[in-house]
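Enquirer:
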Amino acid sequence: MESELYEVAMKGDVPSLLELLKKDKLLLDRIMIGNHIETPLHIAAMLGHLEFVEEVLAQKPKLVREQDSQSLTPLHLAAAKGYLNIVASLLRVGPEICFIRDKYGRNPLHVAAMKGHVDVLELLVQARPIAAHNVIEHGQTILHLCVKHNKLEALKLLMDILEDDQFINLRDEYGNTILHLAAVD
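The opening residue of the sequence shown carries number 1 in UniProt numbering; numbering runs sequentially from there.
What follows is the structure in structure tokens.
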């Protein structure tokens, strides 16, 4: 039955999801305690299936905090793809997931910034502005990532919102500020 659940997640098939849950009310609970690489919520978030995401969240909101084998949450995946509506749905259930880090130390704000999804980034910063201050490996800030990945719109948005000169001028462990990185490019 679990393999069927993953198939319907890939299709975003809400009626089939409801049918499966009618047959087995504990199906989503078993997913949470099982040894799975990712949950159906991860799959639906990554593939942009908004209605499926919302139904899973209604049935089992705790799945929003689950991490896959890369320590990614469904929010990391939706932020990486730029799915604004899915990001909004996930944030309604668990805004604190903005702080969860993947295996590289990146939270969903870092991922959205690296991909240049400015609308998603703005929503995430509004939900949990302090998450933008998380520093990742090598002492890099979200601003360092914007410059490194040439996402200047994201950088401008963050500088406008954060208005924190000390944070803006932080150096990574190599001594680079964002200005140093921009000059090298």
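For glycine and all other residues, C-beta sits at the position ideal for the given N, C-alpha and C.
Please read all numbers here as calculations on a predicted model, not as lab measurements.
Is it the case that the Cβ atoms of A88 and A113 are separated by a distance below 8 Å?
Expert: No, they are not a contact pair.
Enquirer: If you draw a straight line from the alpha carbon of D164 to that of K103, how long is it in whole angstroms?
Expert: If you take the alpha carbons of D164 and K103, they lie about 27 Å apart.
Enquirer: Applying the 10 Å Cβ sphere with the 16-neighbour rule, what's the burial state of G175?
Expert: Looking at its Cβ environment, which holds fewer than 16 other Cβ atoms inside 10 Å, G175 is exposed.
Enquirer: Rank Q67, M46, V14 by C-alpha distance to the C-alpha of N35 and give the top, closest one.
Expert: The option with the nearest alpha carbon to N35 is Q67.
Enquirer: Any idea what DSSP makes of Q67, helix, strand or coil?
Expert: It is coil, neither helix nor strand.
Enquirer: Is DSSP giving L72 helix, strand or coil here?
Expert: It is coil, neither helix nor strand.
Enquirer: Quick one: what's got a C-beta closer than 7 Å to L84's C-beta in the same chain, skipping five residues either side?
Expert: The answer, listed in chain order, is D119, V120, L123.
Enquirer: Helix, strand or coil for V135, going by three-state DSSP, please let me know.
Expert: In this structure, V135 counts as coil in the three-state DSSP scheme.
Enquirer: With respect to the alpha helix (DSSP H) encompassing E122, which residues constitute its N-terminal and C-terminal limits?
Expert: 118 to 127 is the extent of the alpha helix (DSSP H) around E122.
Enquirer: Would the region 39 to 52 and the region 8 to 25 be scored as touching if the rule is three or more Cβ pairs under 8 Å?
Expert: In short, these stretches touch, since the Cβ pair count reaches three.
Enquirer: Check for me: the alpha helix (DSSP H) holding E153 runs from which residue to which?
Expert: Looking at the DSSP string, the run of the alpha helix (DSSP H) that includes E153 is 152 to 162.
Enquirer: Excluding the 5 residues preceding and the 5 following K60 in the sequence, name in chain order all residues of the same chain whose CB lies nearer than 6 Å to its CB.
Expert: Cβ neighbours of K60 beyond the five flanking positions: L28.
Enquirer: Among I86, K23, L26, which one has its Cα closest to the Cα of L41?
Expert: Nearest C-alpha to L41: I86.
Enquirer: Between the Cα of L72 and the Cα atoms of G116, A9, R128, L109, which residue gives the shortest distance?
Expert: Of the listed residues, the one whose Cα sits closest to L72 is L109.
Enquirer: By Cβ distance, which residues of its chain are closer than 6 Å to N134, with the 5 residues on each side in sequence left out?
Expert: The residues are N107.
Enquirer: How is the alpha helix (DSSP H) around M32 delimited, first residue to last?
Expert: Its alpha helix (DSSP H) spans residues 27 to 33.
Enquirer: Anyone know if the C-beta pair for L91 and A132 falls short of 8 Å?
Expert: Contact: no.
Enquirer: Going by C-alpha distance, which of L21, E19, E54 is nearest V93?
Expert: Among L21, E19, E54, the Cα nearest to that of V93 is on E54.
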